[in-house]
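Student: A single structure is presented below for examination.
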Amino acid sequence: MAGLAKLRTKFVSKVSKEIVNQLLDNLLEDKVINSGERESIIEEHQTTADKARQTIDTVIKKGNKASNRLIHHLQNCDPTLHEDLSTQESQVLQEFSSTLIKSKETFWKEKQNNKDIYPVTLNSSKNRVALLITNITFADKMKNRAGAEKDEENMEKLLTDLGYEVVKYRDLTAKQMDKALVQFSNHSKLKETDSVFVVIMSHGKLGVVLGVNFKKDPSPGEEPDELPINNIYKHLNAKNCPELVNKPKIIVIQACRGEDGGSVIVCDSVDDESAMEEDIEEDKVQRIHKEKDFIALLSSTPDTVSYRHKLEGSFLMKFTIEVFNTFAHIYDVEELFRKVMGRFEDSSHPFRQMPTKDRCTLTRKFYLYPGLNHMS
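Using the UniProt record's numbering, the first residue of the sequence shown is number 1, and each one after it goes up by one.
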């Protein structure tokens, strides 16, 4: 594990005695080290630096799995040091969790009276609700979205693990999606919840999400099967959904326009060359006080494609789930979105895509506190 070894000097010089002891306890609990090794490190080494040096050397000798556990526990015990080490050797510390890491109750409690953080209570965390719409099968069979079932399954699990009741729909037209949004804006839990998620996965063009009956060349007078993204904001804003005033509304959209990316990796797009100026104008016009506490993550910028693997699902959803599983217990939502965007910067990937953090009107930080809904 040469990469972890590169962090040895900085780890030894910066880690505190308390953190070394916590790491040793965690590694013992994980059976990475045994009680004899723990006692030897504590009793035979007098200074904190010597204890830290022996700890990391012992773990490195035990291989990749042991090293990953040390990284994981350091992230939980001392996020600041973990972040500091990440800047030195980011590839070493990018070990993503396959399951959601829970926040510690003390982490939640220490943020309760901070006016720069959105309030989350035990009751509100038990009344969370999310809307999940996935379009997979289209009237035009050539537009069927292979792999989207995996996205739906994984996103539903993440939202459920975060404590959200998931209102789920599949294969909707634009009118049906709009109706689902209206019904969601009247959900009985909105009065008690601390936040909502809206996740929509389909094909798209600039400013719109496509319904399952979309036609590239509709008949004269036929209304295109397109849902303006602006409708999401309209239905959930302060005027139309007062129950969500001053509450975070998190939107994730996997839909874009672009060209096909290949036989295995495909893009959620239609063959559209127009980027109508009025769509852009609509996005700007609505940025007034009635639209507040929103944040959206769109799968790509307008001039790039959004990729989806036919078996594993979209890269946006894969990276979002990995980042939320690994970091949601210590970072706020806006920082989580930044980390998702950072996953796409790796030039070694055989694709080019950059998600867009859009129309962010959050006035405070919002932490999800995974596991809070199960605390007493």
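Quick reminder that beta carbons are idealized off the backbone N, C-alpha and C, glycines included.
(1) Taking three-plus beta-carbon pairs below 8 Å as touching, is the segment 125 to 143 in contact with the segment 165 to 181?
(2) Exposed or buried, which one is residue 277 when buried takes at least 16 other CB atoms within 10 Å?
(3) Would residue 120 pass as a contact of residue 367 if the rule is Cβ separation under 8 Å?
(4) Could you check if residue 372 is buried or exposed, using at least 16 other CB atoms within 10 Å of its CB as the buried criterion?
(5) State the start and end residues of the unbroken beta strand (DSSP E) segment that holds residue 254.
(6) Going by beta carbon distance, what residues of the same chain come within less than 7 Å of residue 185, once the five residues before and after it are set aside?
(7) Kindly indicate the opening and closing residues of the alpha helix (DSSP H) around residue 42.
(8) Do residue 247 and residue 178 have their C-beta atoms within less than 8 Å of each other?
(9) What does DSSP give as the partner residues of residue 155 in its beta bridges?
(10) State the Cα-Cα distance for the pair residue 28 and residue 230, rounded to the nearest angstrom.
(11) Which of the three DSSP states, helix, strand or coil, is assigned to residue 208?
(12) State the CB to CB distance for the pair residue 190 and residue 202, rounded to an integer number of angstroms; the pair is presumed to be in contact (CB under 8 Å).
(13) Start and end of the beta strand (DSSP E) containing residue 170?
(14) With DSSP run on the structure shown, which of helix, strand or coil describes residue 161?
(15) Would you kindly work out how many angstroms separate the C-alpha atoms of residue 337 and residue 319, rounded to a whole number?
(16) Among 46, 78, 44, 30, which has the Cα closest to the Cα of residue 59?
(17) In the DSSP assignment, what are the bridge partners of residue 201?
(18) Beta-carbon within less than 6 Å of residue 137's beta-carbon, same chain only, minus the 5 sequence neighbours each way: which residues are those?
(19) Would you kindly work out how many angstroms separate the C-alpha atoms of residue 253 and residue 187, rounded to a whole number?
(20) Since residue 23 and residue 73 should fall inside the 8 Å C-beta cutoff, what is the C-beta to C-beta distance between them, to a whole number of angstroms?
Tutor: Walking through what the data contain:
(1) yes
(2) Here residue 277 scores only 38 on pLDDT, less than 50, and its place in the model should not be relied on; the value that follows carries that caveat. Exposed, since its Cβ has fewer than 16 Cβ neighbours within 10 Å.
(3) yes
(4) buried
(5) 249 to 254
(6) 235, 236, 240, 241
(7) 35 to 44
(8) no
(9) Residue 155 pairs with nothing; no bridge assigned.
(10) 52 Å
(11) strand
(12) Not really, about 24 Å apart at Cβ, beyond 8 Å.
(13) 164 to 170
(14) helix
(15) 10 Å
(16) 30
(17) 134, 254
(18) 144, 171
(19) 21 Å
(20) 5 Å
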